[in-house]
Ligand code: DP6
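In this note's numbering, the protein residues as written are 932 to 1300.
Quick look at the structure:
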């Protein structure tokens, strides 16, 4: 498929997605995990298209659960009410309204429905743990389910998840990667034939079983609201002196990462994961204006982890998202050792001793009540 055409194809098919019969109200629920990027997406162009391919693992316990109640809309009625953690949330509601406006060109039925959306996270939001990824993914999967219910479209799994990824991307780039699959790639690369800038694809078949049972310990260094949004950070890449070199490096790192994932090369995996995290924050720090998201405790934890790894000769990797919290990616077989180390040595660096004991999962799931 020509990936340039998928948005055009969806627009053309949208004419068939405007008129429907619906009596009473219906409900749909999805849960979607956050994902942790191994190769980072930092820099975008046009309408949410990435400057380089990125690759992530889906998490399991860090997720958004979204329930949508929808019915045919009466004239003059407000069409979206958004509740976050059971409270009406006006800033989020505004963002969702804008999002629905934007994607109505692909899903014209949105304008003829009244929505009540309940959403909750199992982890602190706006702290750089990819809450926009899980939220927009849960929303996009729910909207594809509504499309399927109303029009009997998207019958095949691939078709369904491709559209969910495409729609999620338009809400938040990293959300495109929260689709079924343990390892998911977003962005065109010659290395993966079916890859696209417009949606993400699972690459589990190219991943060694060792990585499929990897765990992720998320150390909450600071759960406070971020001082700078990811969108602003992406924008600052437009005139960044290192932009060209970064996009080249990301492609080289992706190639090495695909090799590490395929062969079970844990050392190479750690080398690339850590280089990507450091590069991400180096790019932020060298933006104009600079973005400081790491905290002293972020660096203290990294120092401790490096020392522990050297002494114990263990294989694990640390990474950071757009925030101060540290993710430790490690194989299942050393879980007891890692948990012991975290609880005895690292908790003093965490906010209220908080950490999330997470693991790699298969991604979003529809919830049937
Ligand atoms: C640092 O997906 O949050 O987490 O597309 O503007 O919503 P928008 O940005 P977002 O960027 C996340 C960037 C990152 C790295 C990554 O997840 O790849």
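The beta-carbon is built from N, C-alpha and C at its ideal position, and this holds for glycine as well. Small disclaimer: the values here were computed from a predicted structure and weren't measured.
- If only uninterrupted alpha helix (DSSP H) runs of at least 4 residues are considered, those enclosed by the region 983-1067 are 1021-1034.
- Partner residues in the beta bridge of residue 1147, as assigned by DSSP, are 1260, 1289.
- For residue 1271, the uninterrupted alpha helix (DSSP H) segment begins and ends at 1266-1272.
- Annotation: residue 1131 to residue 1104 spans about 10 Å, alpha carbon to alpha carbon.
- Taking 8 Å as the cut-off, the C-beta of residue 1182 does not count as close to any heavy atom of the ligand DP6.
- In the three-state scheme derived from DSSP, where H, G and I count as helix and E and B as strand, residue 940 is classed as helix.
- Remark: the C-beta of residue 968 is in contact range of the ligand DP6, defined as less than 8 Å to any heavy atom.
- If you check the CB distance, residue 965 and residue 990 come in under 9 Å.
- Within the chosen limit of 8 Å, the ligand DP6 does not reach the beta carbon of residue 1037 with any heavy atom.
- In the same chain as residue 1235, and ignoring 5 residues on each side of it, the C-beta atoms closer than 8 Å to its own belong to 1276, 1277, 1280, in chain order.
- Judged by DSSP secondary structure, residue 1137 falls outside any beta strand (DSSP E); it is assigned neither H nor E.
- With the rule of 3 Cβ pairs closer than 8 Å, the region 969-987 counts as touching the region 1118-1132.
- Within the model, the alpha-carbon separation for residue 997 versus residue 1018 is close to 14 Å.
- With fewer than 16 neighbouring CB atoms inside 10 Å of its own CB, residue 1241 falls in the exposed class.
- DSSP, reduced to helix, strand and coil, places residue 1072 within a helical segment of the structure shown.
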